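Remarks on the structure that follows.
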Amino acid sequence: MTRQAKSAIVGYGKSTFSRKPGPPVSDLVRTAVINAVEDAGIEMADVDGLILGQSDILERSALTLAFRHMLDLGTLNLLCVTEGKGTTMLQAVQHATMAIKSGVARKIVCVFGDTPIGADTGAGETFARPSRIMNLPGWEERYGCYGAMGAYALAASAYKARYGLGDDAFAPYVMACRNWAGLNPGAFLRKPLSLDDYLASRFVVEPIRLFDCAYPVNGAVAFVVSDIEHATSGLSAPVYLHGMGQGHGARSALYALCDGGETGARAAADRALTMAGVSHRDINICQLYDAFSFSGLYGLEDFGFCPPGAAPAFVAAGETSPGGRLPVNTGGGHLSGGYLQGATPLLEAVVQARGAGGERQVDRHDLLFVSNSGGCLEYHATLIVSPHEVL
Amino acid sequence: MAAPGEQFLEAIQQGRLMLPFDSTAGSFMALHEMDRADENSIQWKAASGQGILVALAIYHRRYTAEIDPPYNVAMVRLEEGPVILSTVLGDAECLSVGMSVTAVFQDGNRLAFEPEGDGAGPAHKTDEEDARP
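Which chain is which? The protein sequence lines are R and A, in order. Just so you know, the first sequence maps onto residues 508 to 898 in my numbering. Just so you know, the second sequence maps onto residues -17 to 115 in my numbering.
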């Protein structure tokens, strides 16, 4: 049985990505939208929908519906702000696809921008808010449990203990991402990393070292999502969306590891794969949301690409590295490529699906799995994309 | 009647670790989900204070002026089932996930845990009348 794509990403655009404080997010998003529309080979007036992705860490006033006035847009058939923690970017593209399939709009621009690095605040401060684990007011503050880091470090410690992993367990993942980044001129951390380099990096919240953490940048990305009928009328090769899913589990990865239960990741993956009519082993490339090395490793298992506990050995064997059986985060991912939340994995998926990855291009790029995850891995959204309109 | 979360915190404030038991389901509730419960079906029961350390994060970076690093944040699975976020006392080298721990109260109302066999007495009174905060 053949399957027809649901929508197509026909253009993408970026602002500059920077580690220094710079323009407000609305300026960055504006640049990204203009570049995306140009890349698609359409006019701004052809855009009939706009979905603004709200970063969880950004002031609500930074990107509002009024942003539309910064662009020469006509009357829009769809305009909204969407927020789903780490899943915002993929949710925006999913909502666009649903709107297109229902006939509400035909060319919807989905954007995500963020400025974690401010004039007075480094990225570390921006993310240093109390972790919310117990759902009891003031509980985490009492123990100094701050940052997304707190929940992830706890989850990583439980994971390491469960499988008897040593201090170097996450190193191969970090090194693999760095190897990909070395092939990506747009990546931020490109110098090859040795095991000794990794082990010499300081603990932030043990067992998480500095090199286990995402590298946040200021920037914005925009995608033009189109109906299938008009997908090939522009300049760029369409990237077709064949499957999408979400899974918002009752349990975070932390609780799943400490106490059992589902995070929702598997549900999100299976729904997308089923919609596309493919299975895990058909996937050529994974672009995962890996804000921490642990998230990438756990994601490989939680989404069903590796059996529980098998990801560290799979990665250490080089399977996710350049030349491996299942390339993962081929632009360097969040750790080395740069962290722009859910936009990072989708951007690289589009580049790879187009065959535009240059030195890092993966030969087999017929089917790509893309994930976005938020909270402590209890919010998930996934896509299956391909350069082929029909599977 | 106060919300279950508030009742839990009030008991902690008095130096007692009380757990919400769902009499309809016949099981203890996950502490982070207790506000979802029908408060009429909750019975408060004193915890034994015994548990297993299931996750341990050691903060090396300063996040708050109030606590000097290094310090640890821990998840403990209590004997009764629920998992709780707290801290474990003692040298980091002596702590490992999977070890048995016992509840203690610092300064009368800060719940912490210490490795079992450190000579701590019961963390709280277990009188029947204390079973309802």
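Cβ atoms here follow ideal geometry from the backbone N, Cα and C, with glycine treated the same way. Computed from a predicted structure; not experimentally measured.
Could you list which residues in chain A have their beta carbon closer than 8 Å to that of Ser664/R, in chain order?
-> Ala37, Leu38, Ala39 and Val79
List in chain order: all unbroken beta strand (DSSP E) runs of 3+ residues lying wholly within the stretch 697 to 746 of chain R.
-> 710 to 713 and 726 to 733
Looking at the structure shown, is Thr889/R part of a helix, part of a strand, or coil, going by DSSP?
-> strand
Using a Cβ-Cβ cut-off of 7 Å (strictly less than) and excluding sequence neighbours within five positions of Met551/R, which residues of its own chain qualify?
-> Val544, Leu578, Asp579 and Leu580
Can you name the residues that DSSP bridges to Ser82/A?
-> Ile34/A
Take Ala94/A as the anchor and find which of Arg44/A, Tyr41/A, Pro51/A and Gly33/A has the nearest alpha-carbon.
-> The shortest Cα separation from Ala94/A among Arg44/A, Tyr41/A, Pro51/A and Gly33/A belongs to Gly33/A.
Using beta-carbon positions only, say whether Val681/R and Leu842/R come within less than 8 Å of one another.
-> yes
Mind pulling the beta strand (DSSP E) runs of 3 or more residues that sit fully within the stretch 571 to 601 of chain R?
-> 585 to 589
Quick one: what's got a C-beta closer than 6 Å to Asp704/R's C-beta in the same chain, skipping five residues either side?
-> none
Starting from the beta carbon of Leu535/R, find every residue of chain A whose beta carbon is closer than 7 Å, and list them in chain order.
-> Residues of chain A passing the Cβ test: none, with the nearest at roughly 28 Å.
Is any heavy atom of the ligand GDP found at a distance shorter than 7 Å from the C-beta of Arg44/A?
-> Questions concerning the ligand GDP fall outside what the structure shown contains, since it holds no ligand whatsoever.
In chain order, which continuous runs of the alpha helix (DSSP H) of length 4 or greater are located wholly inside the stretch 608 to 672 of chain R?
-> 630 to 633, 646 to 649 and 654 to 670
Find out if the Cβ-Cβ distance for the pair Ala19/A, Ala37/A is shorter than 8 Å.
-> Taking a C-beta distance under 8 Å as the contact criterion, Ala19/A and Ala37/A do not qualify as a contact pair.
Which residues, in order along the stretch 619 to 644 of chain R, keep a beta-carbon less than 8 Å from a beta-carbon of chain A?
-> Gly631, Ala635, Ile640, Met641, Asn642, Leu643 and Pro644
Does DSSP classify Phe95/A as helix, strand or coil?
-> strand
Proximal residues of chain R, C-beta to C-beta of Thr84/A below 7 Å | Chain R residues near Thr84/A: none, gap ~17 Å exceeds 7 Å.
Exposed or buried, which one is Glu647/R when buried takes at least 16 other CB atoms within 10 Å?
-> buried
For Tyr519/R, name the three-state secondary structure that DSSP assigns.
-> strand
In its own chain, which residues sit with a C-beta less than 8 Å from the C-beta of Asp766/R, not counting the 5 before and 5 after it?
-> Arg758
When the distance is taken between beta carbons, is His887/R closer than 8 Å to Ala772/R?
-> yes
Compare the C-beta of Val712/R against all C-beta atoms of chain A and say whether one is closer than 8 Å.
-> Yes - at least one Cβ of chain A is within 8 Å of the one on Val712/R.
Kindly confirm or deny that the stretch 794 to 801 of chain R and the stretch 747 to 757 of chain R touch, where touching means at least three C-beta pairs closer than 8 Å.
-> no
For Phe133/A, go through chain R and note every residue whose CB falls closer than 9 Å to its CB, in chain order.
-> Nothing about residue 133/A can be read from this structure; chain A reaches only from -17 to 115.
Using a beta-carbon distance cut-off of less than 9 Å, what residues from the stretch 63 to 78 of chain A approach chain R?
-> Gly63, Pro64, Val65, Ile66, Leu67, Ser68, Thr69, Ala74 and Ser78
For Ala850/R, which residues from the same chain have a beta carbon less than 6 Å from its beta carbon, with the 5 sequence-adjacent residues on both sides left out?
-> The answer, listed in chain order, is Met596, Phe619 and Val728.
Starting from Asp4/A, trace the beta strand (DSSP E) both ways and give me its first and last residue.
-> Annotation: the continuous beta strand (DSSP E) that includes Asp4/A extends over Met0 to Asp4.
Find the nearest neighbour of Val65/A within the set Leu764/R, Glu866/R, Thr770/R and Ala655/R, judged by alpha-carbon distance.
-> Leu764/R
Would Leu559/R be called buried (16 or more neighbouring beta carbons within 10 Å of its own) or exposed?
-> buried
Glu96/A classed as buried or exposed, judged by whether at least 16 other C-beta atoms fall within 10 angstroms = buried
Quick one: does Gly816/R have its CB under 8 Å from some CB of chain A?
-> no
Among residues of its own chain, excluding the 5 on either side of Ser638/R, which ones have a beta-carbon nearer than 6 Å to its beta-carbon?
-> Glu647, Cys652, Gly657 and Ala658
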